[in-house]
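Here the structure comes first, spelled out in structure tokens, and everything after it is commentary.
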Amino acid sequence: MVQTKGPFDWINFNNMDMVLWAEGYFLDKKIILKGQVDKASFESGLALYKLQYGNELLLVRNMKDAWRSVIQRQKNRKNGKVSITYPISTQHHSKLRKLAVDANLLQSQVLENLIDNNFQNLIEQKKIAKSTEKEKKEAAKAAKQALKTPPIDSYLKFQKSNEEKDQRIEILSNNFSSLRSHCNKLLDLIERTSSLFSKDEQKNYRQLTEKLNKLNANKVDDTKVKDQQ
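Residue numbers for the sequence shown follow this note's numbering, beginning at 162 and rising by one.
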């Protein structure tokens, strides 16, 4: 005769973490298990749940799904990953799927690559903008000295050089603003799910946020200096 599987045969009662979690799941449903916490007490709790609420099979199914989610989160933390939930338009989701298929990557890997690339570009654009601003100031200082007795052709060359540099700075500034906006959106997205982070991940996230805030503050200071000039 084939033995019918019980509703809690999937629970390993030698795994106390699993057993305590399952007991807590019942407590969340206002069901207190009596006596020794074992398969029999769980089945009694299930009977009590059925008496009060009905649909005990749905409870068991939801309980299994919840435990699988716990295991997945533990696995993610072990691998240095977090699970995030975010709403995006169907159009962008379709594009994300196409990018993943074309690159033969998981959608999560595509998102990670996009974040890495945009963040690196943000850092590089900041360096370029600061370097260009420094070169402009040094050129202006040298030109000021030369303009004490300036030949007309040198002055025209200097003026043209300044105009070209101004155009370059404007392009770099626009690129930087765009990259900063994308980065802020990504950080806002991560902020909404940071409660799922481990302590180390939260620490790394705070450090990253502080660094980005400093970069943004530097950008504001640079803009003020440019306006004063």
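Just so you know, even glycine gets a beta-carbon here, dropped at the ideal spot from N, CA and C.
1. Here's the rule: buried if 16 or more other CB atoms are within 10 angstroms of the residue's CB, otherwise exposed. What is VAL118?
2. Quick one: using the 10 Å Cβ neighbour count with 16 as the cut-off for buried, is LEU220 buried or exposed?
3. Out of CYS344, ALA300, GLN328, MET224, state which residue places its alpha-carbon closest to the alpha-carbon of LEU128.
4. If I measure Cβ to Cβ from GLU209 and keep anything under 6 Å in the same chain, skipping five residues before and after, which residues do I get?
5. Quick one: Cα of SER255 to Cα of ASN274, how far?
6. Okay, do the stretch 288 to 301 and the stretch 325 to 333 touch, 3+ Cβ pairs below 8 Å being the bar?
7. Only counting runs of 4 or more residues, tell me where the alpha helix (DSSP H) segments fall wholly within the stretch 194 to 229, in order along the chain.
8. Report yes if the C-beta distance between LYS195 and PHE169 is below 8 Å; otherwise report no.
9. With DSSP collapsed to three states, give me the class of VAL163.
Let me spell this out:
1. Because the chain is modelled from 162 through 390, residue 118 falls outside the range shown and cannot be assessed.
2. In the sequence shown, counting from the first residue as 1, residue 220 sits at position 59. Counting Cβ neighbours within 10 Å, LEU220 comes out buried, since at least 16 surround it.
3. Because the chain here runs from 162 to 390, residue 128 falls outside it and cannot be looked at.
4. Against the sequence shown, residue 209 aligns to sequence position 48. The residue you asked about is not Glu; residue 209 is Leu in the sequence shown. Closer than 6 Å at Cβ, skipping near neighbours: ILE192.
5. Sequence index remark: in the sequence shown, residue 255 carries index 94 (1-based). Sequence index remark: in the sequence shown, residue 274 carries index 113 (1-based). If you take the alpha carbons of SER255 and ASN274, they lie about 17 Å apart.
6. yes
7. 200 to 213
8. The residue labelled residue 195 in the question sits at position 34 within the sequence shown. The residue labelled residue 169 in the question sits at position 8 within the sequence shown. No, Cβ-Cβ distance for LYS195 and PHE169 is not below 8 Å.
9. As a position in the sequence shown, residue 163 is number 2, starting the count at 1. Bear in mind that a pLDDT of 43 at VAL163, under 50, signals an unreliable position, so the number given afterwards is only what the model happens to contain. Three-state result, VAL163: coil.
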